[in-house]
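**Student:** Got a structure for you, written out below as structure tokens; questions coming shortly.
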Amino acid sequence: MRRTLTAVTTALVAVALLAGCSGGSSDDGDSADTSAPSKSSAPSKTSAAKQTTTEACALVENELKSFIDEQTSFSAPADPAARAKLVGEFTDRLDAALPKVTNNDVHDAFEDFTEDAKEYASALTSSGSADSAEAKDAQTDVQSSLNEVSAVCPSN
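Per this note's numbering: the sequence shown = residues 15 to 170.
As structure tokens, then:
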């Protein structure tokens with residue numbers, strides 16, 4: 015359970031960093047105690063065949079945590095172009111991790127989250143404002159997909 019709590023917390027911090035949103039679910043879920051794979055290793059053949067929700071969430075958590083640890087600031091840049099660039103770096107990191115996630119539920123939830131984050135970055139770039147209707151709608155979509163992630167990788 016501690017690992018899934020960390021996964022969701024990390025995702026929430028990432029979204030707060032990137033889009034300024036917050037939230038998440040506290041639904042019960044898979045609480046198997048597993049070791050997290052290192053961020054540079056692919057899942058073993060055994061885990062690729064039958065990756066648990068906990069293992070999949072831990073794998074993505076490693077990428078999220080690594081990204082956040084590399085950031086020099088814990089707040090979203092005020093400049094929409096800088097924020098869009100940061101979101102792009104974040105989604106690139108998730109895109110690179112997703113092929114290693116063989117649990118369909120976790121993969122699909124994070125894929126939706128990544129796509130919504132990309133649309134948020136695009137809205138920031140095209141509108142030039144985090145306060146535009148386009149950016150706010152995209153931010154709402156990011157929050158909705160984060161709620162899906164929280165349902166799949168619950169905090170407790």
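All residues carry an ideal CB built from backbone N, CA and C; glycine is no exception.
Sort ILE82, PRO91, THR116 by Cα distance to ARG107 and report the nearest one.
**Tutor:** For the purposes of this step, residue 107 is identified with residue 93 of the sequence shown, where counting begins at 1. Minimum Cα distance to ARG107 is reached at ILE82.
**Student:** Report yes if the C-beta distance between THR154 and ALA131 is below 8 Å; otherwise report no.
**Tutor:** Within the sequence shown, residue 154 is the residue found at index 140, counting from 1. Within the sequence shown, residue 131 is the residue found at index 117, counting from 1. Cβ atoms of THR154 and ALA131: not closer than 8 Å.
**Student:** Taking buried to mean at least 16 other C-beta atoms within 10 Å of its own C-beta, is ALA147 buried or exposed?
**Tutor:** Reading the sequence shown from its first residue, position 133 is the one you call residue 147. Answer is exposed; the Cβ neighbour count stays below 16.
**Student:** From which residue to which residue does the alpha helix (DSSP H) around PRO91 run?
**Tutor:** Your numbering for residue 91 matches position 77 in the sequence shown. Note, PRO91: premise wrong, no alpha helix (DSSP H); not H, not E.
**Student:** Note down, in chain order, each residue of its chain lying with its Cβ closer than 8 Å to the Cβ of GLU162, except the 5 sequence neighbours on either side.
**Tutor:** Counting from 1 along the sequence shown, the entry for residue 162 is found at position 148. Result list for GLU162: ALA123, ASP126, PHE127, in chain order.
**Student:** Nearest by alpha-carbon distance to CYS167: which of LYS150, VAL115, TYR134 is it?
**Tutor:** Taking the first residue of the sequence shown as position 1, residue 167 is located at position 153. The residue with the shortest Cα to Cα distance from CYS167 is VAL115.
**Student:** Run the CB neighbour count on SER164, radius 10 Å, all protein chains shown included, and call it buried at 16 or more, exposed below.
**Tutor:** Here residue 164 refers to the residue found at position 150 of the sequence shown. That one is buried.
**Student:** May I ask you to report which of helix, strand or coil DSSP gives LYS150?
**Tutor:** Looking up residue 150 in the sequence shown gives position 136. Three-state result, LYS150: helix.
**Student:** Buried or exposed, going by whether 16 or more other CB atoms sit within 10 Å of the CB of SER171?
**Tutor:** Absent from the structure is residue 171, since the part of the chain shown begins at 15 and ends at 170.
**Student:** Given ASP94, which residues of its chain have a CB within under 8 Å of its CB, disregarding the five upstream and five downstream residues?
**Tutor:** The residue given as residue 94 occupies position 80 in the sequence shown. Per the sequence shown, the amino acid found at residue 94 is Pro instead of Asp. Closer than 8 Å at the Cβ level, and outside the excluded window around PRO94, lie LEU138, THR139, SER141, GLY142, SER143, ALA144, ALA149.
**Student:** Report the residue from ASP151, HIS121, VAL120 whose alpha carbon sits nearest the alpha carbon of ALA135.
**Tutor:** Reading the sequence shown from its first residue, position 121 is the one you call residue 135. Per the Cα distances, ASP151.
**Student:** What is the DSSP secondary structure of VAL74, counted as helix, strand or coil?
**Tutor:** Within the sequence shown, residue 74 is the residue found at index 60, counting from 1. In this structure, VAL74 counts as helix in the three-state DSSP scheme.
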